[in-house]
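Here's the structure we're looking at; comments come further down.
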Amino acid sequence: MRILVTGAKGQLGRELVHVLNTAASDIGSIGMAYLNAEITETDIDEADIGNADVVNTLLQVEQPEIIFNCAAMTNVDGCETDYQGAMRGNAMGPGNLAVAAEKIGAKLVHISTDYVFPGDGTVPYCEWDTCNPKTVYGKSKLLGEQYVLQRCSQSFIVRTAWLYGAWGNNFVKTMLKLGKEQSEIKVVDDQRGNPTNANDLVHHMLKIALTKNYGIYHCSGEGECSWYDFSVKIMELAGLSCKVNPCTSAEFLRPAPRPKFSSLDNLMLKTTVGNEMRPWQDALKNYLEKVTEN
Numbered sequence: 079m080r081i082l083v084t085g086a087k088g089q090l091g092r093e094l095v096h097v098l099n100t101a102a103s104d105i106g107s108i109g110m111a112y113l114n115a116e117i118t119e120t121d122i123d124e125a126d127i128g129n130a131d132v133v134n135t136l137l138q139v140e141q142p143e144i145i146f147n148c149a150a151m152t153n154v155d156g157c158e159t160d161y162q163g164a165m166r167g168n169a170m171g172p173g174n175l176a177v178a179a180e181k182i183g184a185k186l187v188h189i190s191t192d193y194v195f196p197g198d199g200t201v202p203y204c205e206w207d208t209c210n211p212k213t214v215y216g217k218s219k220l221l222g223e224q225y226v227l228q229r230c231s232q233s234f235i236v237r238t239a240w241l242y243g244a245w246g247n248n249f250v251k252t253m254l255k256l257g258k259e260q261s262e263i264k265v266v267d268d269q270r271g272n273p274t275n276a277n278d279l280v281h282h283m284l285k286i287a288l289t290k291n292y293g294i295y296h297c298s299g300e301g302e303c304s305w306y307d308f309s310v311k312i313m314e315l316a317g318l319s320c321k322v323n324p325c326t327s328a329e330f331l332r333p334a335p336r337p338k339f340s341s342l343d344n345l346m347l348k349t350t351v352g353n354e355m356r357p358w359q360d361a362l363k364n365y366l367e368k369v370t371e372n
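Be aware that the sequence shown starts at 79, since it is given in the working numbering, and climbs by one per residue.
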């Protein structure tokens, strides 16, 4: 099997390549179809997916059977002022990949976000719920979803949230650093969502990609919490004595508003390949054990 991974130097891209190379995730082994797969890794410095000509040439040369698009402009606040960057990375890029994938008959797995929702709900969002993003980041990601679904007949949209992994920067690593350096910190307790281990997400991306159940999926850790709850659990499991104090979002003013409630329901997983996403506490414990080992 020939596989193309875009955004391969990012947190999720590196996790994906690692799991493919080791033929197993923390949840279990991956499909036999992936054994001895030929993997092409690209990132923006090698192939800018915002350039349609570059994308067409890349896919014509590599001829992948499956494309995993992990590339995106994920700086939520930066998107608020860099409209062009957000559009290029989060909308035009996925659209270009979709057109080129359709030409060669490839499957396209595109990663999206909980930010496509307004973030003012009270129950977890299902795949069919109405999207109404409140940020430039969310709007650009939603447009990217639409382009992919419209332009590639063999496409999967995988929405996730609160992602952390072994590579790159993320909330868990920030909390661990602060927990070792400070005796007390403040973390917001009025935003709720699903912490997601990148390794769990990759496991399901690979399962989904072997099917023909095209469409939209939610794939986030099971159970919800606030950033405050998440931080307290990180300190507890890491054995850090740093005290976490709850505060409101108003105390941390940012250019882009954060969703108050953006919990996702993994309904499509449950009705197709099976939902093996672990409770967020269990996935976090496993992650911290591995971080300590390394």
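Think of the CB as a built atom: it goes at the ideal place given N, C-alpha and C, for glycine as much as any other residue. For clarity, every value in this text was computed on a predicted model and none was experimentally measured.
Given residue i as reference, the closest of the options once Cα atoms are compared
| i | options | result |
| --- | --- | --- |
| leucine 315 | Asp360, Arg336 and Glu158 | Asp360 |
| cysteine 318 | Lys368, Glu329 and Lys258 | Before going further, note that residue 318 is leucine rather than cysteine in the sequence given. With distances taken between Cα atoms, leucine 318 lies closest to Lys258. |
| lysine 264 | Ile182, Cys325 and Ser218 | Cys325 |
| asparagine 134 | Glu93, Val177 and Pro202 | Val177 |
| glycine 183 | Ser231, Pro172 and Ile108 | Ser231 |
| arginine 229 | Asn210, Asn275, Glu262 and Ala179 | Ala179 |
| threonine 208 | Asp198, Leu288 and Glu119 | Asp198 |
| proline 273 | Glu262, Ile294, Leu284 and Arg237 | Arg237 |
| threonine 350 | Ser304, Glu158, Tyr295 and Trp305 | Tyr295 |
| proline 333 | Ala111, Asn129 and Glu158 | Glu158 |
| leucine 288 | Val187, Val139 and Asp131 | Val187 |
| leucine 342 | Ser103, Asp307, Leu98 and Cys303 | Cys303 |
| isoleucine 105 | Met283, Asp278 and Asn129 | Asp278 |
| tryptophan 305 | Lys181, Met110, Val280 and Phe339 | Phe339 |
| aspartate 307 | Asn174, Arg270, Val194 and Asn147 | Arg270 |
| valine 374 | Arg166, Thr213 and Met151 | Residue 374 falls outside the range modelled here, since the chain spans only 79 to 372, and no answer is possible. |
| threonine 152 | Lys219, Gln138 and Ile286 | Lys219 |
| tryptophan 399 | Pro142, Met355 and Met346 | No statement about residue 399 is possible, as the shown extent of the chain runs from 79 to 372 and does not include it. |
| proline 202 | Ser298, Tyr112 and Asn99 | Ser298 |
Cβ pair residue i, residue j closer than 8 Å
| i | j | result |
| --- | --- | --- |
| glutamate 300 | proline 337 | no |
| alanine 149 | aspartate 192 | no |
| isoleucine 127 | isoleucine 81 | no |
| asparagine 353 | asparagine 364 | no |
| phenylalanine 330 | valine 250 | no |
| aspartate 86 | aspartate 121 | Note on residue identity: the sequence assigns alanine, not aspartate, to residue 86. In this structure, aspartate 121 lies closer than 8 Å to alanine 86 by Cβ. |
| valine 83 | valine 95 | yes |
| valine 369 | serine 103 | no |
| methionine 79 | alanine 101 | no |
| leucine 113 | asparagine 147 | no |
| serine 190 | glutamate 223 | yes |
Same chain, Cβ closer than 6 Å to residue i, neighbours up to 5 away in sequence not counted
| i | result |
| --- | --- |
| methionine 253 | Ser309 and Ile312 |
| aspartate 268 | Thr326 and Ser327 |
| asparagine 372 | The pLDDT assigned to asparagine 372 is 48, lower than 50, so where the model puts this residue is not dependable; a value taken from the coordinates is nonetheless given after this. Closer than 6 Å at the Cβ level, and outside the excluded window around asparagine 372, lies no residue. |
| asparagine 323 | Lys264 |
| lysine 217 | Pro211 |
| glutamate 262 | Lys321 |
| valine 154 | Tyr215 and Ala334 |
| leucine 284 | Ile108 |
Residues near residue i by beta carbon distance below 7 Å, same chain, minus five either side
| i | result |
| --- | --- |
| leucine 221 | Ala169 |
| tryptophan 245 | Gln89, Arg92 and Glu93 |
| glutamate 367 | none |
| tyrosine 20 | Outside the displayed range of the chain (79 to 372) lies residue 20, so it cannot be described from this structure. |
Nearest-angstrom beta carbon gap, residue j and residue i [assumed within contact, 8 Å]
| i | j | result |
| --- | --- | --- |
| leucine 256 | cysteine 320 | 7 Å |
| valine 226 | glycine 173 | 7 Å |
Cβ neighbours of residue i in the same chain (closer than 8 Å, five flanking residues each side left out)
| i | result |
| --- | --- |
| asparagine 248 | Gln89, Leu241 and Tyr242 |
(request) Please list the segments of the beta strand (DSSP E) lying wholly inside the segment 220 to 307, counting only runs of 3 or more residues, in order along the chain. (result) Listed in chain order, the complete beta strand (DSSP E) runs (minimum 3 residues) inside the segment 220 to 307 are 233 to 238, 262 to 266 and 293 to 296.
(message) Report the start-end ranges of each alpha helix (DSSP H) in the segment 107 to 140 that is 4 residues or longer and not cut off at the edges.
(response) 130 to 140, all fully within the segment 107 to 140.
(message) Report the start-end ranges of each beta strand (DSSP E) in the segment 127 to 205 that is 3 residues or longer and not cut off at the edges.
(response) The segment 127 to 205 contains these whole beta strand (DSSP E) runs: 144 to 147 and 185 to 191.
(message) Ignoring anything shorter than 4 residues, give me the alpha helix (DSSP H) runs that lie fully in the segment 320 to 352, in order along the chain.
(response) The segment 320 to 352 is shown to contain whole alpha helix (DSSP H) runs of 4 or more residues at 345 to 349, in chain order.
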